[in-house]
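Here's the structure we're looking at; comments come further down.
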Amino acid sequence: MSSVGQFEFILLLLVAILGLRLLAGRLGLPPAAALIIGGMGLAFVPGVPAFDLDPDLVLVLFLPPLLMDGAYYTVWREFRRNLAAILQLAIGAVLFTTLAVGIVTHMLVPSLPWAVCFALGAVVSPPDAVAAKAVLEHVTLPRRLVVLLEGESLLNDAAGLVLFRFAIAAALTGAFSLGQATLAFTGLAVGGVIVGGVLGYLWIRGLRLLKHEHLTITAIFMLPWAAYILGEAAGVSGVIATVAAGLVLGWHQHEVFTASVRLMGTAAWQVMVFVLEALVFILIGLSLRGVMTRLGGVEHALGTLAVPVLAVLGTVVVARFLWVFAAEGAGQILGLLVKRRPLWSPASALLLSWAGMRGVVTLAVALSIPTEVPGRDLILAAAFAVILGTVLIQGSSLGPLIRWLGLDKSAGHQGAVLTAPQAMAAVSAAQLEAVRARAHNADGSVRHPRLLEQYTHRARVAERYSKERDVLSADRSEHYDVILATIAAGRTEVLRLHRTGRIHDDVLHVLEYELDLQEMAASTSRMRLG
């Protein structure tokens, strides 16, 4: 396919993504499931070119920004508070699943070397950050469960990739040392934290020097790839380096970014992440034809690999259940011993066990296996089956399971000190103090009477609302309905003036931007009432 043809094919995929996302909304399917199914359908449409994923390109193109997106929005205090539970999922569950899959595979295919069996386990063991984020953004969960699942998805790829590298090296050389592997994993993880943390700090310092919004946003967009590539080049975990850099950036962005950078950058970033996530899943579906070709066709794959592949899928699911329930149960016992209220519940453990979707990392790692490794066909088939099974079955049923368990009713910001109205009252009071300090002349006369009146009224209303929210919600709702109606009327007038040639495009853009900001503020306040 020519370069022009490749570009046109990418445009076709973007059109397909829009259609599949709309269809997913109509059918109530998770977007990830709809995109994979759509990609599988496109793969067998006559005229669609054969498509093969370059595993190295997939990892370096898609993984860094999607990891950064999760790390950037991570609440550091909650992440640190739940770090032990996150690590037992990100490392413990991955290691346990790798061992379980390796043992089951060797039992079913005794001729396969142990190292290859464990390589298969490492391929399918880590739940995918992209798959987890794609599903979590469409469900409502208690805050602790969200922190655990998002934190796990940020770190477990590193554990899976390291295990995979050692297993493949053992399969090719026949040599393996547990002590050396443990030491190497620790070095990769610690080195990744250091590289990512230092790079993130230096990046923040550099962003302070950029005074133009577009330059700042461009530099921000470059950070995930810079952290991943630098980490890999330094011989440490690029995944951990990217996560560490994202945590640093997310922590300091409140002081570094201006309002305009945050407004424009967030919008552009969200569009980019949406496109990358959608492309990941539709490309997974498109790669089916290439995988089937490597396996000698659908009939050959089903006839020779169906039993071990289904066994691997079942083991992946059961192993996570066993690990989560054992770890959460042990945590509850420990909590009782130290007289702390345990956070464990059967419903939470069941949800954590079921939310183990695999995605692009599993497929990319499977495709990177050297052709001389025995059992490569089995690994490819099992990787694709695990992705399909976990995303289509677990991902599609996650929402109904959450509602059935009643976890959506307990969702919220547990442990928050202030409610949103109370925090708003505190902010309004601080703003009023700032106005009072600047509102009077040296002789005591009022210099800014309008501002003083405005912020006094705002602080009084916010304080009252924080104490009488139920009583005043209807009045505030009606208040913001009127504001939104006036903004809509202003938009109509601005467009009329522009269409009749009475204002220039530059004036249109300025006025439209002002109205956009007003609408965002009013809509946010209106939503806060719910």
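Position one of the sequence shown corresponds to residue 1226 (the working numbering), numbered consecutively onward. Ideal Cβ placement from N, Cα and C applies to all residues, glycine included. Quantities reported herein were computed from a predicted structural model and do not represent experimental measurements.
- Counting the other Cβ atoms within 10 Å of the Cβ of R1433 gives fewer than 16, which makes it exposed.
- A straight-line Cα-Cα distance of about 10 Å links P1289 and G1471.
- Under the Cβ criterion (8 Å, minimum of three pairs), the segment 1384–1398 counts as touching the segment 1337–1356.
- Within its own chain, the residues whose Cβ lies closer than 8 Å to the Cβ of I1708, once the five positions on either side in sequence are excluded, are Q1743, A1747, listed in chain order.
- The alpha-carbon separation between I1507 and A1654 amounts to approximately 50 Å.
- The residues L1455, G1456, A1459, V1461, A1466, in chain order, have a CB closer than 7 Å to that of V1420 in the same chain once the five nearest residues on each side in sequence are set aside.
- For a cut-off of 8 Å, the C-beta gap from V1319 to P1351 is around 5 Å, short enough to register as a contact.
- By a beta-carbon distance limit of 8 Å, L1379 contacts L1292. Their separation comes to about 6 Å.
- A straight-line Cα-Cα distance of about 23 Å links V1423 and I1311.
- With the rule of 3 Cβ pairs closer than 8 Å, the segment 1531–1543 does not count as touching the segment 1586–1599.
- Per DSSP, D1668 lies in no alpha helix (DSSP H) segment and is marked neither H nor E.
- By the C-beta density criterion, R1302 is exposed, having fewer than 16 other C-beta atoms within 10 angstroms.
- Excluding five sequence positions before and after W1579, the CB atoms of its chain that fall closer than 7 Å to its own CB belong to Q1619, L1623, L1626, given in chain order.
- By the neighbour-count definition (other C-beta atoms within 10 Å, threshold 16), D1353 is a buried residue.
- Judged by DSSP in its simplified three-state form, P1367 adopts strand.
- DSSP places R1628 inside the alpha helix (DSSP H), whose first and last residues are 1621–1630.
- A Cβ-Cβ contact shorter than 8 Å links A1268 with R1514.
- In this structure, the beta-carbon distance from G1253 to G1510 does not fall below 8 Å.
- Note on E1597: under 16 other CB atoms within 10 angstroms of its CB, so exposed under the neighbour-count rule.
- The Cβ-Cβ distance between A1591 and V1534 does not fall below 8 Å.
- With fewer than 16 other CB atoms across the displayed protein chains lying within 10 angstroms of its CB, T1711 is exposed.
- For I1445 against G1490, the beta-carbon gap comes to about 6 Å, under 8 Å, which counts as contact.
- Going by DSSP, R1433 is part of no alpha helix (DSSP H) at all; its letter is neither H nor E.
- Taking 8 Å as the cut-off, the beta carbon of L1366 is found no closer than this to the beta carbon of L1613.
- In terms of Cα proximity to S1621, the closest of L1260, V1229, F1232, S1227 is L1260.
- Residue A1296 holds the alpha-carbon nearest to the alpha-carbon of P1449 among T1407, A1296, A1409.
- Nearest to V1285 by alpha-carbon distance, out of L1501, R1487, E1377, V1415, is L1501.
- When DSSP states are grouped into helix, strand and coil, G1726 belongs to the coil group.
- In the DSSP annotation of this structure, the continuous segment of the alpha helix (DSSP H) that includes G1471 starts and ends at 1463–1481.
- Distances from the CA of L1530 to each of R1369, D1602, G1715, I1242 were compared; the closest alpha carbon is that of D1602.
- Taking all protein chains shown into account, D1294 has 16 or more neighbouring C-beta atoms within 10 Å of its C-beta and is therefore buried.
- Counting the other CB atoms within 10 Å of its CB gives I1235 a total below 16, which places it among the exposed residues.
- When secondary structure is reduced to three states using DSSP, E1597 falls in the coil class, being assigned neither helix nor strand.
- Around V1300, the same chain offers V1372 as residues with beta carbons nearer than 8 Å, after the five sequence neighbours per side are excluded.
- Membership of V1326 in the alpha helix (DSSP H) is indicated by the continuous run 1319–1333.
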